[in-house]
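Asks:
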Amino acid sequence: MLLEWPGGSWEATLRLVLTVVGIYLGALWLALVVWTYRDIRQRTRDPIAQTLSVLLVLLLFLPGHWIYLILRPRYTLAELYERSLEEEALLQELDAHKACPTCKRRVQDDFLICPSCRTQLKEPCRGCGRPLAYAWVACPYCGLDKPPRERPVAPRASAGAPRSGAAPSRRPAAAAHPRGNPANPGAPAAAPAAQPRRDPFASRPQQRPADEPPVIDATAE
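Just so we're aligned, residue 0 is where the sequence shown starts under numbering that gives the first Met the number 0, counting upward by one.
Structure follows, in structure tokens:
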């Protein structure tokens, strides 16, 4: 006795199986399209990349989904944001460990001098004694104003020292400092003797005009 096929005939059973498989593949196809759309939105904000990714899965189904998994961005936007926060925290931690400008060794933020090379790093506050940076104008802890830093003043040359490059004075010492009377030091210096004035016209020979004839002395004949 032959066993009967469940459902009446194998053709009806085959159609039932194909229907179930088709519904499953259709649901899987729509699920992959929706998943791709959500995934690409979490990885990029570019609308062109989002559209191409959805069309790739929508047209090629499973092969398109495999291609999308290969070409999609590696990290999501949330992961990139977390990585940026970690990098900022690491940079802040490195900045907290400052280095000496002379020997490049790490120093603490409250060090006044470098313990390795004795370089002055900060100056103490006159009020509370806490270390202050040189760029600050007041103490943030007690509110005391910092005194202005004194700049080194170059030594000036003495008044009696001659300047470099200046020509020596040619004035005679006697004229610059007239001597007084040795017998009476308190007496004023004697005035120099007056010299006789010369006639400015005595040394000049008299010139005759060119048109005047010479004068002949009659007594000479």
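Just so it is clear, CB atoms sit at the ideal spot from N, CA and C, and this is done for glycine as well.
No experiment lies behind these values; they were computed from the predicted model shown.
1) Taking only three categories from DSSP, how would you classify Q41?
2) With a floor of 4 residues, list each alpha helix (DSSP H) that falls wholly inside the segment 20-78, ordered by position along the chain.
3) In the structure shown, what three-state DSSP assignment does L227 receive?
4) Going by DSSP, which residues form a beta bridge with R105?
5) Are the segment 112-122 and the segment 90-103 touching, with three or more C-beta to C-beta distances below 8 Å?
6) Classify L59 as buried or exposed, calling it buried when 16 or more other Cβ atoms lie within 10 Å of its own Cβ.
7) Starting from the Cα of T75, find the closest Cα among R42, G128, R129 and I22 and give me that residue.
8) Go through its chain and collect everything with a Cβ distance to R104's Cβ below 6 Å, but skip five positions before and after it.
9) Give me the Cα-Cα distance between A48 and I39, rounded to the nearest whole angstrom.
Replies: In short, the structure shows the following:
1) The residue labelled residue 41 in the question sits at position 42 within the sequence shown. In the structure shown, Q41 sits in a helix (DSSP, three-state: H, G or I).
2) 46-59 and 61-70
3) Since the displayed the chain opens at 0 and closes at 220, residue 227 lies outside it and no answer follows.
4) The sequence position of residue 105 within the sequence shown is 106, counting from 1. DSSP output for R105 lists A98 as bridge partner(s).
5) Yes, the segment 112-122 is in contact with the segment 90-103.
6) Within the sequence shown, numbered from 1, the residue matching residue 59 stands at position 60. Answer is exposed; the Cβ neighbour count stays below 16.
7) For the purposes of this step, residue 75 is identified with residue 76 of the sequence shown, where counting begins at 1. Nearest C-alpha to T75: R42.
8) Taking the first residue of the sequence shown as position 1, residue 104 is located at position 105. Hits under 6 Å: S115.
9) Taking the first residue of the sequence shown as position 1, residue 48 is located at position 49. Taking the first residue of the sequence shown as position 1, residue 39 is located at position 40. Computed Cα separation, rounded: 8 Å.
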